[in-house]
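First comes the structure, then the notes that go with it.
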Amino acid sequence: MADGKGDAATAAGAGAEAPAGAGAGDGTETESMARGQRPTSPAPGAPGLRPCLWQLETELREQEVSEVSSLKYCRSFCQTLLQYASNKNASEHMVYLLEVYRLAIQSFASARPYLTTECEDVLLVLGRLVLSCFELLLSVSESELPREVWVLFLQSLQESHDALLEFGNNNLQILVHVTKEGVWKNPVLLKILSQQPVETEEVNKLIAQEGPFFLQMRIKHLLKSNCIPQATALSKLCAESKEISNVSSFQQAYITCLCSILPNEDAIKEIAKVDCKEVLDIICNLESEGQDNTAFVLCTTYLTQQLQTASVYCSWELTLFWSKLQRRIDPSLDTFLERCRQFGVIAKTQQHLFCLIRVIQTEVSNLCFLC
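Counted from 1, the sequence shown has number 100 at position 100 by UniProt numbering; the numbering is strictly sequential.
Next up, the structure:
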């Protein structure tokens with residue numbers, strides 16, 4: 001028999017974040033901006049998916065419950081879902097994708113009695129399934145979906161949640177809650193996105209309800225939808241929250257938002273408040289994510305503030321990062337030397353001048369070596 005040890009805490013990764021939008025107007029306007037609205041063309045369901053998932057479950061039922069059978073099922077389940085969710089027309093049809101996730105969640109819940117959590121993939125797959133579905137829901141507007149499609153989705157989601165609860169898996173709880181309330185209709189979230197005053201207790205309740213993963217997804221969605229003021233407001237509150245143990249991702253999101261509105265004076269002041277080592281970490285993360293331009297903007301802004309205020313904390317590391325980013329974005333040595341000259345003009349300490357001289361010597365010697 002299956003162990004029924006569904007430890008929801010282990011699958012905390014299921015706490016997903018979703019994009020939100022905002023505006024200073026009413027909730028409808030805010031919700032629409034957050035979604036980055038796309039028209040939902042009528043599309044067929046997911047023909048072929050149901051029998052494929054049923055075949056996987058049938059094969060699972062015929063075996064003894066074990067780590068091996070659970071692992072095999074999880075891998076086949078993911079391959080099947082990927083095949084249908086990555087359909088070339090899938091991104092254009094929200095109805096199609098919604099049906100894919102509805103059937104996937106329903107099928108996994110049905111197969112759950114024959115799976116064991118001794119196989120780590122069981123909770124991992126469930127958690128990722130929840131995250132992916134939530135990510136889709138961030139862009140879905142119930143009002144644009146056929147009513148029968150949305151009602152069927154809600155009903156299936158609740159039934160699957162009830163079935164999983166029998167094994168201690170409450171991963172679907174957040175999806176059930178936000179779909180009943182409305183993905184972008186939480187009153188506290190709407191106030192945050194429209195930059196209205198909000199009580200700390202209200203914010204803490206929202207954070208406890210959604211969890212950091214879902215909130216991160218909301219911020220990423222807002223950034224992707226170019227809802228910068230809304231992403232800035234939400235990421236700032238999360239970065240300052242004492243309810244979140246690790247706020248580094250929210251701090252990075254907040255700084256990224258600030259970089260996108262430079263040379264705004266308030267943004268410059270906010271960036272200057274951040275510890276230099278933390279800025280260096282964010283720059284490294286942005287580079288690893290392929291966001292060289294944002295990393296360069298952040299590095300240039302912070303270095304400029306250091307030069308103007310005569311702060312020498314981590315000055316060499318910061319100058320070195322800047323030089324590498326400058327050369328990567330604009331390989332011209334003449335441009336590099338001119339930027340160094342401009343920095344030298346505003347530098348107030350010998351240490352900063354020495355740092356600039358060192359990077360100039362390095363770049364010039366590298367060029368001579370290549371020649």
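All residues carry an ideal CB built from backbone N, CA and C; glycine is no exception.
Could you pull the start and end residues of the alpha helix (DSSP H) that residue i belongs to?
i, result
"Pro187", "Pro187 to Leu193"
"His177", "Gln173 to Glu181"
"Gly344", "Leu333 to Ile346"
"Pro229", "Ile228 to Ala239"
"Phe77", "Glu67 to Ala85"
"Ile329", "Ser315 to Ile329"
"Glu243", "Looking at the DSSP string, Glu243 is not in any alpha helix (DSSP H), and its letter there is neither H nor E."
"Pro51", "Leu49 to Arg61"
"Ile255", "Ser248 to Ser260"
List the whole-angstrom C-beta distance separating residue i from residue j, where the pair is believed to meet the contact cut-off of C-beta under 8 Å.
i, j, result
"Leu137", "Thr179", "7 Å"
"Ala267", "Phe250", "The pair is not a contact, with the Cβ atoms about 17 Å apart (cut-off 8 Å)."
"Leu356", "Thr319", "6 Å"
"Ile207", "Glu243", "5 Å"
"Phe296", "Leu325", "4 Å"
"Arg61", "Tyr114", "6 Å"
"Ser160", "Cys119", "Wrong, their Cβ atoms sit about 20 Å apart, outside the cutoff."
"Ala347", "Leu307", "5 Å"
"Leu129", "Ala109", "Going by Cβ atoms, the distance from Leu129 to Ala109 rounds to 10 Å, so no, they are not a contact pair."
"Glu67", "Thr116", "6 Å"
Against chain D, with Cβ distances strictly below 8 Å, would residue i count as a contact?
i, result
"Asp162", "Considering every chain present, this structure includes no chain D. It has just one protein chain."
Any heavy atom of the ligand MN closer than 7 Å to the Cβ of residue i?
i, result
"Gln155", "Of the ligands one can find in the structure shown there are none, so the ligand MN has no counterpart to examine."
message: So within the region 130-160, which uninterrupted alpha helix (DSSP H) runs reach at least 4 residues, ignoring any that extend past its ends?
response: none
task: Count the C-beta pairs between the region 226-245 and the region 177-195 that are closer than 8 Å, then say yes if the count reaches three, no if not.
output: yes
Contact the region 122-142 vs the region 174-193: 3+ CB pairs below 8 Å: yes
message: Please give the ranges of any alpha helix (DSSP H) in the region 87-124, keeping only runs that are unbroken, at least 4 residues long and fully inside the region.
response: 94-111
message: Report the start-end ranges of each alpha helix (DSSP H) in the region 265-305 that is 4 residues or longer and not cut off at the edges.
response: 265-272 and 276-288
message: Quick test of the definition: if touching needs 3 or more C-beta pairs under 8 Å, does the region 331-347 touch the region 275-284?
response: no
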